[in-house]
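Novice: Below is one structure. I have some questions about it.
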Amino acid sequence: MFLLALIHTFPFIKYHIDKGDMVEEWNTSVVYWTGVVALLAQAYLTVFSIRPIRARFYEFFKATHYLAALIFVLFFFFHCDFRLTSWDYFIATGVIYVTSLLYSNIRTYLSYGVCHIGSLSILPGGFVEAIIPIHHQKAAEKAIPTGFTWSPGQHVFLRFMGLGLHSLSSHPFTICSIPPERPEMEPQLRFIIKPARGLTGKLAQLADEPSKASSFPVLIDGPYGDVGAAQLFEHDDVILIAGGSGVGFAFPLLEYGIRRNMQPFASNKEEAELQQHHRHRTQIQMIMTTRVSGVKEWFISEVEHLLKTHGVTDEDVAVQAHAHLTARGQSPDPEAVTKESGGSGGVEANYVDLARGRPDVRSIIRTASRESGRSVAVVVCGPAELLYDVRNAVAEAQLQVVTGNGAKEVYLHSEHFS
Numbered sequence: 001m002f003l004l005a006l007i008h009t010f011p012f013i014k015y016h017i018d019k020g021d022m023v024e025e026w027n028t029s030v031v032y033w034t035g036v037v038a039l040l041a042q043a044y045l046t047v048f049s050i051r052p053i054r055a056r057f058y059e060f061f062k063a064t065h066y067l068a069a070l071i072f073v074l075f076f077f078f079h080c081d082f083r084l085t086s087w088d089y090f091i092a093t094g095v096i097y098v099t100s101l102l103y104s105n106i107r108t109y110l111s112y113g114v115c116h117i118g119s120l121s122i123l124p125g126g127f128v129e130a131i132i133p134i135h136h137q138k139a140a141e142k143a144i145p146t147g148f149t150w151s152p153g154q155h156v157f158l159r160f161m162g163l164g165l166h167s168l169s170s171h172p173f174t175i176c177s178i179p180p181e182r183p184e185m186e187p188q189l190r191f192i193i194k195p196a197r198g199l200t201g202k203l204a205q206l207a208d209e210p211s212k213a214s215s216f217p218v219l220i221d222g223p224y225g226d227v228g229a230a231q232l233f234e235h236d237d238v239i240l241i242a243g244g245s246g247v248g249f250a251f252p253l254l255e256y257g258i259r260r261n262m263q264p265f266a267s268n269k270e271e272a273e274l275q276q277h278h279r280h281r282t283q284i285q286m287i288m289t290t291r292v293s294g295v296k297e298w299f300i301s302e303v304e305h306l307l308k309t310h311g312v313t314d315e316d317v318a319v320q321a322h323a324h325l326t327a328r329g330q331s332p333d334p335e336a337v338t339k340e341s342g343g344s345g346g347v348e349a350n351y352v353d354l355a356r357g358r359p360d361v362r363s364i365i366r367t368a369s370r371e372s373g374r375s376v377a378v379v380v381c382g383p384a385e386l387l388y389d390v391r392n393a394v395a396e397a398q399l400q401v402v403t404g405n406g407a408k409e410v411y412l413h414s415e416h417f418s
């Protein structure tokens with residue numbers, strides 16, 4: 001659109017310069033200066049929307065692009081001056097947009113309620129944990145039907161109230177929990193948030209104030225997206241790879257896989273044999289990378305808690321976890337990786353390997369997809385560099401599938417976050 005606007009503008013300027021009346025047109029015709037103002041606002045929006053620039057100056061861009069967008073729309077409106085009934089299209093667009101905005105907000109209030117109260121806390125490594133219980137009974141008393149359920153990997157839009165201008169907009173967060181196994185248990189939404197500037201920075205400040213962190217109102221809209229966890233764990237091997245706060249996406253999938261593996265078979269022998277035929281135990285690997293030692297310790301404790309909660313024994317080898325403490329610029333050369341001891345006892349020594357350096361994802365995926373006839377699923381969430389390495393490793397393994405060597409299927413799901 002910006003390119004077409006320039007193509008539209010330059011011929012008019014050249015024409016009037018050649019004609020010799022450019023200054024007169026600028027001083028007497030509202031079309032020219034309103035068009036230039038709209039073009040400048042559009043140029044600002046276009047340039048600052050380029051990903052590296054937007055990522056570097058995100059909070060500044062977020063705060064100013066509303067103003068730039070408003071200036072663009074207004075001066076574009078004046079510039080068109082109802083030529084070819086152009087204002088009719090502006091009005092129709094405005095009606096559709098405002099209606100959509102109102103519907104979205106009203107649906108949020110009526111479908112999900114306005115009574116959700118959450119709590120914040122600081123986790124080791126500096127992550128912020130937000131927990132929001134979904135009280136069905138309380139919502140029902142207020143005649144607000146929640147009916148809220150979700151699957152691993154889904155996200156919701158949260159609007160944290162009482163945070164000034166941040167309360168005016170909703171933000172997507174991946175749910176780092178799964179619904180309870182028993183229907184009488186109330187579900188609990190859990191979020192793992194990496195503080196930065198803007199909203200997440202405000203949440204970190206709020207978490208440091210006990211009086212405010214224990215109770216804050218929040219609006220919920222969702223859930224959205226779906227990884228297809230049930231189909232994912234039909235594979236023989238599932239490899240979950242998470243970098244930094246991407247662990248919040250991988251953890252509910254890990255818990256889902258463990259819960260599925262540990263489900264008891266039917267007591268009736270015939271039903272049990274049939275169930276065994278249709279359901280197999282999936283070999284699960286989870287690889288987590290972090291630059292912060294505190295995050296590594298938190299990851300270990302979370303994995304231990306999951307294993308103990310679901311009754312995974314020392315003899316069970318279907319679940320493995322690997323925590324990698326990395327530093328910027330380190331080589332993924334596996335020979336440079338030095339192993340550390342578990343140290344805390346319990347299940348950690350058996351299930352959680354500790355290592356320094358980036359994981360050799362190519363070797364991990366190649367090893368998992370080497371056995372003929374097996375199906376492998378790889379799920380990755382993390383920085384762009386990690387996603388790039390995993391995609392290349394999976395593509396290499398998929399090439400072996402095409403040539404008839406190794407696994408029968410290698411599936412990839414990559415999750416972006418910014």
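Residue 54 in full-length UniProt numbering sits at position 54 of the sequence shown; the count goes up by one each step and never skips. We put the beta carbon where it would ideally sit given N, CA and C, even for glycine. The model shown is predicted, which means the values in this text are computed figures rather than measured ones.
Alpha carbon to alpha carbon, what distance is there between R259 and residue 457?
Specialist: A query on residue 457 cannot be resolved here, the shown segment of the chain reaching from 1 to 418 and no further.
Novice: Report the rounded CA-to-CA distance for P332 versus R358, giving the unit in angstroms.
Specialist: Numbered from 1 along the sequence shown, position 332 holds the residue referred to as residue 332. Numbered from 1 along the sequence shown, position 358 holds the residue referred to as residue 358. No answer about P332 holds up, because its pLDDT of 43 lies below 50 and its placement is not dependable.
Novice: Determine the DSSP secondary structure at T290, reduced to helix, strand or coil.
Specialist: One-based indexing of the sequence shown puts residue 290 at position 290. Strand, per DSSP.
Novice: Grab the span of the alpha helix (DSSP H) containing A250 for me, first residue to last.
Specialist: As a working note, residue 250 is residue 250 in the sequence shown. Start and end: V247 to M262.
Novice: In three-state DSSP terms, what is A321?
Specialist: Position 321 of the sequence shown, counted from the start, is the residue given in the question as residue 321. Looking at A321 - three-state DSSP - the assignment turns out to be strand.
Novice: Which runs of the beta strand (DSSP E) fall wholly inside the UniProt domain "FAD-binding FR-type" (107-230) and span at least 3 residues, in chain order?
Specialist: Runs of the beta strand (DSSP E) inside the UniProt domain "FAD-binding FR-type" (107-230): 117-122, 128-133, 155-160, 171-174, 188-193 and 216-224.
Novice: Compute the beta-carbon to beta-carbon distance between I220 and L158, rounded to the nearest angstrom, for a pair I have assumed lies under 8 Å.
Specialist: In the sequence shown, the residue the question calls residue 220 occupies position 220. In the sequence shown, the residue the question calls residue 158 occupies position 158. Confirmed, Cβ separation roughly 6 Å.
Novice: Excluding the five sequence neighbours on either side, which residues of its own chain have a C-beta within less than 7 Å of the C-beta of S341, listed in chain order?
Specialist: Here residue 341 corresponds to residue number 341 of the sequence shown, with the count starting at 1. Note on S341: pLDDT 37, under 50, position unreliable in the model; the coordinate value appears next. Nothing meets the Cβ criterion.
Novice: Going by the CB atoms, is the gap between A63 and Y44 shorter than 9 Å?
Specialist: By one-based count along the sequence shown, residue 44 stands at place 44. By one-based count along the sequence shown, residue 63 stands at place 63. For Y44 and A63, no; Cβs fall outside 9 Å.
Novice: Using C-beta distances below 6 Å, list every residue in its chain close to G243, excluding the 5 sequence neighbours before and after it, in chain order.
Specialist: Residue 243 sits at position 243 when you count from the first residue of the sequence shown. Counting only Cβ-Cβ distances below 6 Å, and skipping sequence neighbours, we find T289, G382, P383 and L386.
Novice: Pull up the CB-CB distance for S245 and I192, whole angstroms please, since I reckon it's below 8 Å.
Specialist: Translated into positions along the sequence shown, residue 245 becomes position 245. Translated into positions along the sequence shown, residue 192 becomes position 192. Confirmed, Cβ separation roughly 6 Å.
Novice: Looking only at its own chain, which residues have a Cβ that is under 6 Å from the Cβ of G225, when we skip the five neighbours before and after it?
Specialist: Taking the first residue of the sequence shown as position 1, residue 225 is located at position 225. Excluding residues within five positions, the ones whose Cβ falls inside 6 Å are Q154 and H155.
Novice: Per DSSP, what kind of secondary structure is A377 in: helix, strand or coil?
Specialist: Numbered from its first residue, the sequence shown carries residue 377 at position 377. Strand.
Novice: Determine the closest residue to S169 out of A38, L254 and G198, with distance taken between C-alpha atoms.
Specialist: Here residue 169 corresponds to residue number 169 of the sequence shown, with the count starting at 1. Considering only alpha carbons, the answer is G198.
Novice: Give the DSSP-derived three-state secondary structure of T282 in the structure shown.
Specialist: The residue given as residue 282 occupies position 282 in the sequence shown. Of the three classes helix, strand and coil, the one that applies to T282 here is coil, per DSSP.
Novice: Pull up the distance between the alpha-carbon of E234 and that of G257, whole angstroms please.
Specialist: By 1-based counting over the sequence shown, the position of residue 234 is 234. By 1-based counting over the sequence shown, the position of residue 257 is 257. So the two alpha carbons sit approximately 10 Å from each other.
Novice: Enumerate in chain order the residues of its own chain whose CB-to-CB distance from I50 is below 6 Å, with the five nearest sequence positions on each side excluded.
Specialist: The sequence position of residue 50 within the sequence shown is 50, counting from 1. Cβ within range, chain order: n/a, list empty.
Novice: Sorted by chain position, which residues of the same chain lie with C-beta nearer than 7 Å to V47's C-beta, five sequence neighbours on each side aside?
Specialist: As a position in the sequence shown, residue 47 is number 47, starting the count at 1. Cβ neighbours of V47 beyond the five flanking positions: I53.
Novice: With distances taken from CA atoms, which of F299, G164, A196 and V227 is nearest A55?
Specialist: On the sequence shown, position 55 is the one that residue 55 refers to. Ranking F299, G164, A196 and V227 by Cα distance to A55 puts A196 first.
Novice: Out of F127, E415 and D353, point me to the one whose CA is closest to residue 422's CA.
Specialist: Since the first residue shown for the chain is 1 and the last is 418, residue 422 is missing from the structure and cannot be characterised.
Novice: If I'm right that S177 touches P252 with Cβ under 8 Å, what's the distance once you round it to whole angstroms?
Specialist: The residue labelled residue 177 in the question sits at position 177 within the sequence shown. The residue labelled residue 252 in the question sits at position 252 within the sequence shown. Between P252 and S177 the Cβ distance is about 6 Å, and since that is below 8 Å, they are a contact.
Novice: For the beta strand (DSSP E) that contains S414, what are its first and last residues?
Specialist: For this step, residue 414 is matched to residue 414 along the sequence shown. It spans E409 to E415 - the beta strand (DSSP E) in which S414 sits, taken as one unbroken run.
Novice: Does the Cβ of L306 have 16 or more other Cβ atoms within 10 Å, making it buried, or fewer, making it exposed?
Specialist: Here the question's residue 306 lines up with position 306 in the sequence shown. By the 10 Å Cβ count, L306 comes out buried.
Novice: State the CB to CB distance for the pair residue 471 and L39, rounded to an integer number of angstroms; the pair is presumed to be in contact (CB under 8 Å).
Specialist: The chain is shown from 1 up to 418; residue 471 falls before or after that span and cannot be answered.
Novice: Out of V402, G248 and C80, which has the shortest C-alpha to C-alpha gap to Y32?
Specialist: Indexing the sequence shown from 1 puts residue 32 at position 32. Nearest C-alpha to Y32: C80.
Novice: Could you name the residues of the same chain whose beta carbon sits closer than 7 Å to that of G345, not counting the 5 residues immediately before and after it, in chain order?
Specialist: Position 345 of the sequence shown, counted from the first residue, corresponds to residue 345. Model confidence at G345 stands at a pLDDT of 35, short of 50, so the residue's coordinates are unreliable and nothing is read from them.
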